[in-house]
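Okay, structure first, notes after.
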Amino acid sequence: MNVENDRQCFVCGPENATGLQVAPVTDPERNEATITLAIPQRFQGWSGIVHGGILSTLFDEAAIYACLHVAPRLVTAEIGMRYLKPVPVETPVVVRARLTERRKRRLQVEGEVLVDGVVHARGQAVVMVLPG
Numbered sequence: 001m002n003v004e005n006d007r008q009c010f011v012c013g014p015e016n017a018t019g020l021q022v023a024p025v026t027d028p029e030r031n032e033a034t035i036t037l038a039i040p041q042r043f044q045g046w047s048g049i050v051h052g053g054i055l056s057t058l059f060d061e062a063a064i065y066a067c068l069h070v071a072p073r074l075v076t077a078e079i080g081m082r083y084l085k086p087v088p089v090e091t092p093v094v095v096r097a098r099l100t101e102r103r104k105r106r107l108q109v110e111g112e113v114l115v116d117g118v119v120h121a122r123g124q125a126v127v128m129v130l131p132g
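Here the sequence shown stands for residues 1 to 132, where the numbers follow UniProt numbering.
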């Protein structure tokens, strides 16, 4: 599988005009990545509420960035979200992911979506290191 950054990623791609264009912040010493943004209304599900798929997408991106210090070529193998409270659009959101376990090529990641410091969703993912 050829995994290449062509700057068109829906979440972080600076050249994707319809994407989110966020810049995840990584902290390799803490095995963590954070994304901070106010999610535009065009990404709502129900009126005024961020679509759950967008929250999952943001967590997916943060999960990969939390693992980039382990290897440069990664893919998400599994992802799960537990939605606890609705996230309003146009409100500052923090999406945080941290690498919690490593077994050879399999990386376990956990994280959360926060609004004003309150957890609105929790996520878990399995990230795989690609060979080569």
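Here a beta-carbon is modelled for each residue, glycine too, at the ideal position from N, C-alpha and C.
Here the structure is a predicted model, which is why all the values come from computation and not from measurement.
- In this chain, the alpha helix (DSSP H) harbouring T57 covers G52 to C67.
- Cβ-Cβ distances below 6 Å link L114 to V94 in the same chain, with the five nearest sequence neighbours on each side left out; the list follows chain order.
- Residues of the same chain with a CB within less than 7 Å of the CB of V11, apart from the 5 flanking positions on each side, are G19, L20, V22, T57, L58 and E61 in chain order.
- Taking every protein chain shown into account, the CB of I39 has 16 or more other CB atoms within 10 angstroms, so this residue is buried.
- When secondary structure is reduced to three states using DSSP, E110 falls in the strand class.
- DSSP places E32 inside the beta strand (DSSP E), whose first and last residues are E32 to A38.
- Taking E101 as reference, the option from R30, Q41 and N16 with the minimal CA-CA separation is R30.
- G45 and A121 have their C-alpha atoms roughly 16 Å apart.
- If you draw a straight line from the Cα of L130 to the Cα of V89, it is about 35 Å long.
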